[in-house]
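Below: one structure, written as structure tokens.
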Amino acid sequence: MDSMAIRFTTAAELSELKKIAKDERESQYEDAICETESIICDYWQGDLTGKHVSNEISSLWAQFGKRGEHDKREDKQ
């Protein structure tokens, strides 16, 4: 029978995990900006109407906001 052990995260590991999470948030933010620019380019090319642009950007940033909710709570601690 395998024995199970509990191991706690060290301060150094926790610090590294927080850095990874911050890097991931920044990457998601950059992705959202690029997608926003793409939507605007589609509008300039006539592929989207103003209403579509508004809906697309609102939807995109709402998704980004939901992904960032956990991060906002952590930042307040």
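So the sequence shown is numbered by the numbering used here: it starts at -10 and just counts up by one.
Idealized CB from N, CA, C, for every residue including glycine.
Predicted, not measured: the structure shown is a model, and the values here were computed from it.
Just to confirm, are LEU71 and ILE28 a CB contact at a threshold of 9 Å?
Since the first and last residues shown for the chain are -10 and 66, residue 71 lies out of range.
Ignoring anything shorter than 4 residues, give me the alpha helix (DSSP H) runs that lie fully in the stretch -3 to 58, in order along the chain.
Look at the stretch -3 to 58 and you find these whole runs of alpha helix (DSSP H), each 4 residues long or longer: 0 to 33.
Taking Cβ to Cβ, would you say LEU37 is nearer than 9 Å to GLU45?
In the sequence shown, counting from the first residue as 1, residue 37 sits at position 48. In the sequence shown, counting from the first residue as 1, residue 45 sits at position 56. The answer is yes: Cβ separation under 9 Å.
Output needed for ALA21: all residues of its chain with C-beta closer than 7 Å, excluding positions within five of it in sequence on either side, in chain order.
Working through the sequence shown from its first residue, we reach residue 21 at position 32. Excluding residues within five positions, the ones whose Cβ falls inside 7 Å are LEU49, TRP50, PHE53.
Quick one: using the 10 Å Cβ neighbour count with 16 as the cut-off for buried, is HIS59 buried or exposed?
Along the sequence shown, one-based indexing puts residue 59 at 70. With a pLDDT of only 46 at HIS59, under the threshold of 50, the placement of this residue in the model should not be trusted; the figure read from the coordinates follows. Looking at its Cβ environment, which holds fewer than 16 other Cβ atoms inside 10 Å, HIS59 is exposed.
THR(-1) to LYS11 span [Cα, whole Å]:
Numbered from its first residue, the sequence shown carries residue -1 at position 10. Numbered from its first residue, the sequence shown carries residue 11 at position 22. In a straight line, the C-alpha of THR(-1) is about 18 Å away from that of LYS11.
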